[in-house]
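Sequences listed follow chains A and B, in order.
Everything in the first sequence is counted per my numbering, starting at 2 for the first residue and increasing by one.
Everything in the second sequence is counted per my numbering, starting at 1486 for the first residue and increasing by one.
Just so it is clear, CB atoms sit at the ideal spot from N, CA and C, and this is done for glycine as well.
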Amino acid sequence: MEDVRIKVEGMTCQHCQMQVHDAIAVLDGVTMVRVDIEAGEATVSYDSSKIDLEQIKQAVRDTGYQVLEEVEVCPVPTPDGMKLMTESLASMPVGAEVKDEAPPAGPKIAPSPPGRIETTTIGVTGMTCASCVQNIERGLGKLDGVLKVSVNLTTEKGTVEYDPGRITVHDIIKAVTDIGYGAEEIKGVDADREREAREKEILSQKRNLILALILAVPVSVGEMGQNIAPLVNAIPGIMGFLGNDYFQFIFATLVMLLPGRQFFSGAYKGLMHGATDMNLLIAAGTGSAYLISTASVFLDLGTGFEHKYFGTAVMLIAFIVLGRYMEANSRGKTSEAIKKLMGLQARTARIVVDKTEREVPIEDVKPGDMVVVRPGEKLPVDGIVVEGRSALDESMLTGESIPVEKNMGDEVIGATINKTGSFKYRATRVGSDTALAQIIKLVEDAQTSKAPIQRIADIVAGHFIVTVMSIALVAFFYWYFIGFERLDIAANYGIASPFLAALLIAITVLVIACPCAVGLATPIAVMVGTGKGAENGILIKGGEALETAQNLDTIVFDKTGTLTRGEPQLTDVVPGGGVSEDTVLMLAAVAEKGSEHPLGEAIVKGAAARGIDIPNGQDFNAIAGHGVQVTYEGSRVLLGTRKLMTDNGMDPAQLNNSMEAMENDGKTAMLIAKDNWIMGVIAVADTLKEHSAEAVKYLQEMGITTVMITGDNRLTAEAIARQVGIDRVLAEVLPQDKAAEVKKLQAKGQKVAMVGDGINDAPALMQADIGIALGSGTDVAMESAQIVLIKDDLRDVVSSIELSKRTMGKIKQGLFWAFAYNTAGIPLALGVFGPYLIAPALAALFMAMSSVSVTANALLLKRFKLKRQEVV
Amino acid sequence: MIMVVQFAKTLGFSSVTALAVGALFYVLSAGKSAALAAYTVNDTYLGTVFVLLLALIIGLAVWPRVLEKR
Chain A
2 MEDVRIKVEG MTCQHCQMQV HDAIAVLDGV TMVRVDIEAG EATVSYDSSK
52 IDLEQIKQAV RDTGYQVLEE VEVCPVPTPD GMKLMTESLA SMPVGAEVKD
102 EAPPAGPKIA PSPPGRIETT TIGVTGMTCA SCVQNIERGL GKLDGVLKVS
152 VNLTTEKGTV EYDPGRITVH DIIKAVTDIG YGAEEIKGVD ADREREAREK
202 EILSQKRNLI LALILAVPVS VGEMGQNIAP LVNAIPGIMG FLGNDYFQFI
252 FATLVMLLPG RQFFSGAYKG LMHGATDMNL LIAAGTGSAY LISTASVFLD
302 LGTGFEHKYF GTAVMLIAFI VLGRYMEANS RGKTSEAIKK LMGLQARTAR
352 IVVDKTEREV PIEDVKPGDM VVVRPGEKLP VDGIVVEGRS ALDESMLTGE
402 SIPVEKNMGD EVIGATINKT GSFKYRATRV GSDTALAQII KLVEDAQTSK
452 APIQRIADIV AGHFIVTVMS IALVAFFYWY FIGFERLDIA ANYGIASPFL
502 AALLIAITVL VIACPCAVGL ATPIAVMVGT GKGAENGILI KGGEALETAQ
552 NLDTIVFDKT GTLTRGEPQL TDVVPGGGVS EDTVLMLAAV AEKGSEHPLG
602 EAIVKGAAAR GIDIPNGQDF NAIAGHGVQV TYEGSRVLLG TRKLMTDNGM
652 DPAQLNNSME AMENDGKTAM LIAKDNWIMG VIAVADTLKE HSAEAVKYLQ
702 EMGITTVMIT GDNRLTAEAI ARQVGIDRVL AEVLPQDKAA EVKKLQAKGQ
752 KVAMVGDGIN DAPALMQADI GIALGSGTDV AMESAQIVLI KDDLRDVVSS
802 IELSKRTMGK IKQGLFWAFA YNTAGIPLAL GVFGPYLIAP ALAALFMAMS
852 SVSVTANALL LKRFKLKRQE VV
Chain B
1486 MIMVVQFAKT LGFSSVTALA VGALFYVLSA GKSAALAAYT VNDTYLGTVF
1536 VLLLALIIGL AVWPRVLEKR
């Protein structure tokens, strides 16, 4: 039996998915087929003695779709993989033929299996617009062995899924450099490399800008000055010099060769690979102006060609370089969240080597090393306390402002701060395995990922360049043959040559239409949004989650551990006649002292919390299902149910009302009796977390339906729901049925988020449109969810939705303005508005400002305050 | 090798396209030049070069995608 994953190109809808599915499913020898339209893949299990891979691929081709490549199925199902399967099955229409729903065949991985999938992150330099993203994604997508590519313009990173048996990271990097961009592999989290790359880019563009201005201003003044008599008269010597053709030629050439070289080399490299980007537009625009001016300096082109356009060419370069410099500065500001997280890391660690303490760089700490920490110091890595005790400030990771006591055997987390005593701990997780490194990785991945809306913007922008070039060509024809005469350009604008008139308009079109703002609008907003979330303990795993969260209309909360603390607490003590509360509680605590039952522990803790001294009892006897019996000071003490009391000849009627009221509130009520005298009733219950009710109230105010799901009986569930303010309760739901309940809600057209913390919540977290896990929850829950709330504060569910809405708002504003600039700019440049023609240099300024304003608008998101912050 | 063949094909198709558009411009401009004094021979020549280059660039960007789809 063989398993393969085939990459199918051309599927656009569910119909296509079914076509491909059916084409493979009917083949003799195929035992299982699953088609994922989003990934563009078909996963097939087949009997290789009956059918070969080529026949399967041919069957797909016969339906009209292209088969790009195939890989073996990774046999270990990951949470992501589980999600993929769930989604795929969910997307199948009822009645769809699936031959075998059994999981993929078991492991059969050889030392270097051909189907192993690896992911690498590469840093890419030289990207300027969404077209660059498209160029790289398209270029890498064509390579044999590359399965998935996602390039982010703002972070300047690309994530590539590949089959190491068919392609190496080196090949991938070479392919990127061949297209004309810089590329290098990124291993782990390297703050210094990131910072250096950013600073290098800013410095390079700053140098280019200064050089461009120094060279361009004299050329431009010289060009304009010749036409401004007062200027020529005021400084005749200098103007004569600046206006000199040869001076202009030399300075303009320097601008083209130095700050302008990036555009020409970028355009050339790209064009050699069929890639078009904004470099091409700039190079075509400025190059044309420069070449025609140079030709008119050295050749006699006749009437109409006396005027030179060196000033236009150099000012175009200067303005565009100004835009790039400002953009590079803005991009640096977007990644502050990562910088802040990285800043939490300690630089060095003190470890014990040969019984002496030695300070070493954090990179040198290995698992198993003994780490020494003194008061006020930051913990370098994660580990377990082996000697001493202290209190740690974990607020940077958990939000808990009160220091947490740590004793021998307790787990400690790197980047937290030791507040009081010195202690030693054994390193367990170092480097990229620490909790902090994992969080940083999660945020980085989120910022590199794309929101679905960005993919659309990228595709539009990717086709935009060729469209603009074509519009420029058409405009040239029009203004050469028709517009020149119709507007009498020679008389009205002093341009005697129809070629020059048409050329200037074509240049203006090329320059004004650069879609860089379109490409920047989404990634910058996603980056700021996810960064803002990370700063507030909300880890959003990617742009898709950010985009989906805004549309949620139903939130399903798991009860135990999510809405409630997950451990029972003493809630009520009601004494019978003639005794105090403390006496009743003390007797109950005596009965339960030493008990390992959660209810007993809650009573003992409750008594201790009230400062009650708990003496020891004797002859402890647990009466299964009913309660306990103990002897205290010679008296028999009973604690338990009504039946326990009646069985022992007591009548609990006098406390029945109190008991029923407690039970109606979902509490576990117990009677306490001494020497056949019922002394009172006490209750224990799982209590709500501090902010559960507040979070539910906010969500309801936002018009979101809140639902509670639990395995508890209806009475208990409804009592908790009443306390928290939830109207809709799904009680007595078995763990395995939680996902089905979520699915039922989705089937009604609701956009559902599931909030949970346990392993049993994982399927529901994956089934929901958005899974939200609590940071204190299990690893499985956190891996299954798209949003993780590190601070365990349910108000962050509200904050996540708010953040999503704000970020999407900024994305839409950015895209609107970016497209508005282009849709307004192109007709303006084309001269649609009659005699009002725009100068090429002004077009360059217009274009540069569009990128800067879109970026600045997205950065405003940083100032937005989350609701929880306002409340606090 | 595949890349070289692909590029040669692209260049070939792009050149033919550019020559066709350039020729169209030349013919139309020569007609204008004969009728109107404002349209000089230099306008025609320079315009043809510009159109040729722009059409070639467009061709180099468009043809690889067309060939890929075929």
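- Among the residues facing chain A, residue 1490 of chain B is not included, as its CB has no counterpart in that chain under 8 Å away.
- If you look at residue 424 of chain A, you'll find it isn't in any alpha helix (DSSP H); it sits in the beta strand (DSSP E) that goes 424–430.
- DSSP places residue 433 of chain A outside any beta strand (DSSP E), giving it a letter other than H or E.
- Interface flag for residue 298 of chain A against chain B is unset, since no Cβ pair is found closer than 8 Å.
- For the pair residue 342 of chain A and residue 709 of chain A, the Cα-to-Cα distance works out to about 34 Å.
- Inter-segment contact for the stretch 845–853 of chain A and the stretch 531–539 of chain A is absent: fewer than three beta-carbon pairs are separated by less than 8 Å.
- Fully enclosed alpha helix (DSSP H) runs of no fewer than 4 residues occupy 246–258, 262–272 of the stretch 240–274 of chain A, in order along the chain.
- For residue 289 of chain A, a Cβ of chain B is located within less than 8 Å of the residue's own Cβ.
- DSSP places residue 407 of chain A in the uninterrupted beta strand (DSSP E) bounded by 405–407.
- For residue 269 of chain A, no Cβ of chain B is located within less than 8 Å of the residue's own Cβ.
- Here residue 519 of chain A really is in contact with residue 458 of chain A; their C-beta atoms are around 6 Å apart, less than 8 Å.
- At least one CB atom of chain A sits nearer than 8 Å to the CB of residue 1540 of chain B.
- Under the 8 Å criterion on CB atoms, residue 1507 of chain B is classed as non-interfacial with respect to chain A.
- Taking 8 Å as the cut-off, the Cβ atoms of residue 780 of chain A and residue 790 of chain A do not count as close.
- Residue contact with chain A for residue 1493 of chain B: absent (no Cβ-Cβ distance below 8 Å to any residue of chain A).
- Our two residues, residue 225 of chain A and residue 252 of chain A, have alpha carbons roughly 15 Å apart in a direct line.
- Excluding the 5 residues flanking it on each side, residue 561 of chain A has same chain C-beta neighbours closer than 6 Å at 567, in chain order.
- Cβ atoms of residue 803 of chain A and residue 867 of chain A come within 8 Å of each other, at about 6 Å.
- Interface flag for residue 266 of chain A against chain B is unset, since no Cβ pair is found closer than 8 Å.
- Contact note: residue 1519 of chain B does not reach chain A at a C-beta cutoff of 7 Å; the least C-beta distance is about 14 Å.
- Taking the CA atoms as reference points, residue 529 of chain A sits about 23 Å from residue 770 of chain A.
- Under the Cβ distance rule, residue 821 of chain A does not count among the residues neighbouring chain B, no pair being separated by less than 8 Å.
- The C-beta separation of residue 123 of chain A from residue 200 of chain A comes to about 20 Å, leaving the pair out of contact by the 8 Å criterion.
- At a cut-off of 8 Å between C-beta atoms, residue 1497 of chain B does not count as an interface residue with respect to chain A.
- For the C-beta of residue 1524 of chain B, the chain A residues within less than 8 Å are, from N- to C-terminus, 499.
- DSSP places residue 362 of chain A in the uninterrupted beta strand (DSSP E) bounded by 357–362.
- Closest by C-alpha distance to residue 421 of chain A, out of A:261, A:405, A:755, is A:405.
- If you check the CB distance, residue 207 of chain A and residue 310 of chain A do not come in under 8 Å.
- Annotated three-state conformation of residue 579 of chain A is coil, per DSSP.
- Closest in C-alpha terms to residue 748 of chain A, from the list A:768, A:132, A:729, A:758, comes A:768.
- Between the C-alpha atoms of residue 277 of chain A and residue 1547 of chain B there is a straight-line separation of about 9 Å.
- For residue 471 of chain A, the nearest CB of chain B lies under 8 Å from its own CB, placing it at the interface with that chain.
- Taking each of A:785, A:745, A:735, A:750 in turn and checking the Cα distance to residue 758 of chain A, the smallest one comes out for A:785.
- Contact of residue 1503 of chain B with chain A is not assigned, every C-beta pair being separated by 8 Å or more.
- Of the candidates A:415, A:419, A:351, A:643, A:419 places its Cα closest to the Cα of residue 377 of chain A.
- Taken in chain order, the unbroken stretches of beta strand (DSSP E) that lie wholly in the stretch 648–704 of chain A and span 3 residues or more are 669–675, 678–689.
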